[in-house]
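Numbering (the working numbering), first residue to last: 1 to 234.
Virtual Cβ for every residue (Gly too), placed ideally from N, Cα, C.
Keep in mind the model is a prediction, meaning the values are calculated, not measured.
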Ligand code: SF4
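This is the structure:
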């Protein structure tokens, strides 16, 4: 993807609503545009928006095998509420067996290398498989979520995954997110109300204290600068 096209789209869509941004890309790439959802607040909003535009649109999630029970319930509730089929991608069985046999079931606590190995097997490989034939990846990233996300753009080229990445909620604040969820009655993970701001795998997510960064509860034992799981490099 050349930079001129990205710049043109960023300029053209800079004042558009998230729904208009999503519609633009669903129309331009009808078979190769997908929402990757982790079932967090932002992705639940995008699921509601995508489903209201096209119930057949591709919405997928990754089941790492280490999710919270509440997350599985939410997948079920969301699918039923919006009449959609969320496609679930699982890790390769042999790879999971290999890393757990070689490094232990909770290898991620032992070193950053082991944590990245686990994320690689349980998230990145399934994600690459899910995105193999896609051109556009809809994400729920917002600028103010993390120190590592301040330079992102509405439409970006994702080098790691060779795909156009769109971030329709890029400029939304946390308050915008909460307000939209309440107005639309969007189903959410009950763990959010228990202090879990950003919810990933159960062993790698903890509740945060008031005033902490929203991603402080993810891989809390690591330095903030190393904490992206590899799905999003920015
Ligand atoms: S978040 Fe934790 S359990 Fe989940 S894939 Fe990464 S290291 Fe493994």
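Taking just the CA atoms, how far does residue 139 sit from residue 124?
15 Å
What is the DSSP secondary structure of residue 45, reduced to helix, strand or coil?
helix
Residue 195 versus residue 4 - alpha carbon distance
42 Å
What is the rounded straight-line gap between the Cα of residue 188 and the Cα of residue 100?
31 Å
Residue interval of the alpha helix (DSSP H) (run including residue 60):
That residue, residue 60, is in no alpha helix (DSSP H); its beta strand (DSSP E) goes 58-62.
Rounded to whole angstroms, what is the Cα-Cα separation between residue 108 and residue 12?
43 Å
With a CB to CB cut of under 7 Å and the five nearest residues on each side skipped, what residues in its chain are close to residue 201?
64, 66, 67
Going straight from the alpha carbon of residue 94 to that of residue 16, what length do you get?
45 Å
Can you tell me the Cα-Cα spacing of residue 1 and residue 157, whole angstroms?
7 Å
Thinking residue 136 and residue 32 are a contact (beta carbons under 8 Å), I'd like their distance in whole angstroms, please.
7 Å
Give me the residue from 29, 185, 132, 174 with the minimum Cα distance to residue 162.
132
Can you find the residues in the same chain that come closer than 7 Å, C-beta to C-beta, to residue 177, ignoring five residues on each side of it along the sequence?
41, 42, 45
Where the alpha helix (DSSP H) containing residue 322 begins and where it ends
With the chain represented from 1 up to 234, any question about residue 322 goes unanswered, as that position is not in the structure.
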